[in-house]
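In terms of the working numbering, the sequence shown is residues 441 to 785.
C-beta atoms are modelled at their ideal positions from N, C-alpha and C, and glycine is treated no differently.
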Amino acid sequence: MKAIQIDEFVTDLASVIPKDVSSPKSQSQPLLHIKITHSAVTHVDLLYAQGLHQNNKRHVQPPFILGTEFSGIVTTAPSTSSFRPGTRVFGGGLGSFAEEICVDEASVRRVPQQWSNAEACAVGASGAVSYGALVGVANVKKGETVLVLGASGGLGVMAVQITKALGAKVIAVVGDTEKADVVRRIGADGVVDYHVDNWEEKVRDLTPGKQGVEVVFDSIGAVESGIKCLRYRGRLVVVGFAARGGKVENVRANRILLKSAMVHGYRFGEDGRHDPQRTKGVWDGFMSLVNDGKIQPVIYKEDYQGLEAVSKALEDAKDHKAWGRAILRIDDSAENELQRQRPKL
């Protein structure tokens with residue numbers, strides 16, 4: 441099969457090209473075998489390719505197949521699986537920039553009937569991550585105001601919509617007018633451009649009494665700026681560091697003290713390993729919003745066709761061009777053929 445295999449960490453993203461590799465096989469336990477139709481391009485993929493992610497120091501070492509989120513069609517499944525061949529699924533697993541993947545059943549979910557595979561891939565795990573951070577950690581309440589840093593990104597567009605579904609107001613921080621339009625379309629009540637001097641003051645100006653927001657959702661790694669935007673005894677939850685190229689800021693602890701702020705990190709994957717039942721509850725809560733029609737997938741406008749487009753998509757991610765989620769169309773025809781067959785089944 442074709443895949444993006446990283447044989448050594450790259451410095452030139454143009455060198456990331458597909459090659460022929462062996463098809464994946466189940467190893468010690470029975471796994472789902474999935475034909476990938478779409479893959480999402482995330483900031484994590486950019487860091488993995490360059491060896492800049494914390495996981496590169498441990499288990500994500502060359503050679504490995506790049507890519508972490510996908511949608512596709514089950515081709516074979518263990519006899520005990522609830523997913524039968526022909527089921528459309530989306531999920532996560534290292535190795536999604538490929539034509540096929542083998543994953544554990546717990547790593548995927550059925551594509552909601554109202555979504556295409558591309559739309560499901562655009563949501564991926566971002567919806568559950570944002571839901572867990574806002575509901576399980578920050579405990580957002582109706583009537584509060586939430587600041588979303590990185591509001592136009594994959595996590596951010598989910599956070600905006602989840603916050604609105606919870607009955608809270610949203611102030612979105614973005615980097616240009618196109619991204620501002622995107623977050624307004626999905627419900628942001630106020631938008632601030634982080635290129636403006638003292639943008640934190642602009643955020644506070646949008647809150648009652650200019651006291652600041654109750655909650656900050658930080659997906660970019662701007663904790664000190666987020667604390668400046670908080671009201672006294674506000675809550676800030678950190679879910680990523682997309683704005684800093686893999687570098688993590690040093691936070692002056694007195695800032696936390698002066699605001700009596702709660703600063704909480706939320707590591708979705710590790711939470712699942714420590715407490716699978718809690719993560720199941722997060723997924724159930726998020727999918728209930730999906731089933732109620734309150735979540736809209738947001739796909740970036742660029743048409744990335746095939747694995748040959750991975751290098752371009754990674755370059756665009758590096759330049760922070762994309763909003764929502766950039767999607768690689770690896771095999772649209774497989775999904776189309778499946779849909780044509782449905783009436784005959």
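What do you reckon, are the CB atoms on residue i and residue j nearer than 7 Å?
i: Val-677; j: His-714; result: no
i: Val-679; j: Tyr-571; result: no
i: Val-461; j: Gln-445; result: yes
i: Ser-592; j: Phe-537; result: no
i: Gly-532; j: Ser-556; result: no
i: Glu-664; j: Val-691; result: yes
i: Ile-505; j: Ala-774; result: no
i: Ser-521; j: Glu-559; result: no
i: Val-481; j: Ala-757; result: yes
i: Asp-732; j: Thr-719; result: no
i: Asp-751; j: Leu-453; result: Strictly speaking, residue 751 in this sequence is Ser, with Asp absent from that position. Contact flag set, yes.
i: Ser-519; j: Cys-561; result: no
i: Leu-754; j: Leu-486; result: yes
i: Val-577; j: Leu-606; result: no
i: Val-613; j: Leu-589; result: yes
i: Ala-599; j: Tyr-706; result: no
If contacts are defined as beta-carbon pairs under 8 Å, then residue i and residue j qualify, I think. What distance do you get, rounded to the angstrom?
i: Ala-392; j: Gly-674; result: No answer is possible for residue 392: the residues shown for the chain start at 441 and end at 785.
i: Arg-765; j: Tyr-740; result: 6 Å
i: Glu-584; j: Ala-620; result: About 22 Å; that fails the 8 Å criterion.
i: Asp-633; j: Gly-615; result: 7 Å
i: Val-730; j: Val-597; result: That pair is no contact at about 14 Å.
i: Val-529; j: Arg-549; result: 6 Å
Looking only at its chain, what residues have a beta carbon closer than 8 Å to the beta carbon of residue i, apart from the 5 residues adjacent to it on each side?
i: Thr-451; result: Gln-490
i: Asn-776; result: none
i: Val-688; result: Gly-661, Phe-681
i: Asp-724; result: none
i: Asp-447; result: Pro-502, Pro-503
i: Ile-767; result: His-478, Ser-479, Ala-480, Val-481, Ala-558, Cys-561, Ala-562, Ile-739, Tyr-740, Tyr-744
i: Leu-778; result: Ile-513, Gly-526, Arg-528
i: Gln-469; result: Asp-544
i: Glu-618; result: Trp-763
i: Asn-495; result: Tyr-488
Tell me which same chain residues have a C-beta within less than 6 Å of the C-beta of residue i, skipping the five on either side of it?
i: Cys-542; result: Pro-464, Ser-466, Leu-471, His-473
i: Asp-771; result: Thr-477
i: Lys-442; result: Pro-458, Glu-539, Leu-747
i: Val-563; result: Pro-737
i: Lys-582; result: Gly-607
i: Leu-785; result: Because Leu-785 sits at a pLDDT of 45, beneath the cut-off of 50, its placement in the model cannot be relied upon, and the point is left open.
Quick one: residues in its chain with C-beta nearer than 7 Å to the C-beta of residue i, no 5 flanking neighbours on either side, listed in chain order?
i: Ile-696; result: Ile-667, Val-703
i: Leu-595; result: Ser-566, Val-569, Ser-570, Ser-659, Val-679, Gly-680
i: Thr-823; result: Examination of residue 823 is not possible in this model, given that the chain is present from 441 through 785 alone.
i: Leu-646; result: Ile-611, Gly-630
i: Gln-601; result: Ile-626, Gly-627, Lys-734, Ile-735, Gln-736
i: Cys-669; result: Leu-587, Glu-640, Val-643, Arg-644, Gly-652, Val-653, Val-656
i: Phe-726; result: Gly-567, Ala-568, Tyr-571
i: Lys-604; result: Val-610, Gly-627
i: His-635; result: Gly-615
i: Lys-650; result: Arg-644
Which first and last residues belong to the alpha helix (DSSP H) in which residue i is found?
i: Lys-720; result: 716-731
i: Val-789; result: Lying outside 441 to 785, the shown extent of the chain, residue 789 is not represented and no answer is given.
i: Ile-611; result: Note, Ile-611: premise wrong, no alpha helix (DSSP H); beta strand (DSSP E) at 609-614.
i: Arg-644; result: 639-645
i: Gly-666; result: 663-669
Start and end of the beta strand (DSSP E) containing residue i?
i: Thr-477; result: 472-481
i: Val-543; result: 540-543
i: Ser-511; result: 509-516
i: Ala-428; result: No information on residue 428 is available, as it lies outside the stretch 441 to 785 that the chain covers here.
i: Arg-625; result: Careful: Arg-625 lies outside any beta strand (DSSP E), inside the alpha helix (DSSP H) at 617-625.
i: Glu-654; result: 653-658
i: Asp-447; result: From DSSP, Asp-447 is part of no beta strand (DSSP E); its letter is neither H nor E.
i: His-704; result: 702-705
i: Asp-629; result: No beta strand (DSSP E) contains Asp-629, which DSSP labels as neither H nor E.
i: Arg-528; result: 528-532
Closest Cβ-Cβ distance between residue i and chain C: below 7 Å?
i: Gln-554; result: Of the chains in the structure shown, none is chain C; there is only one protein chain.
Return the chain-ordered ranges of every beta strand (DSSP E) run that is complete within the segment 547-586 and spans a minimum of 3 residues.
548-550
4 or more residues per run - each alpha helix (DSSP H) lying fully within the segment 724-775
750-758
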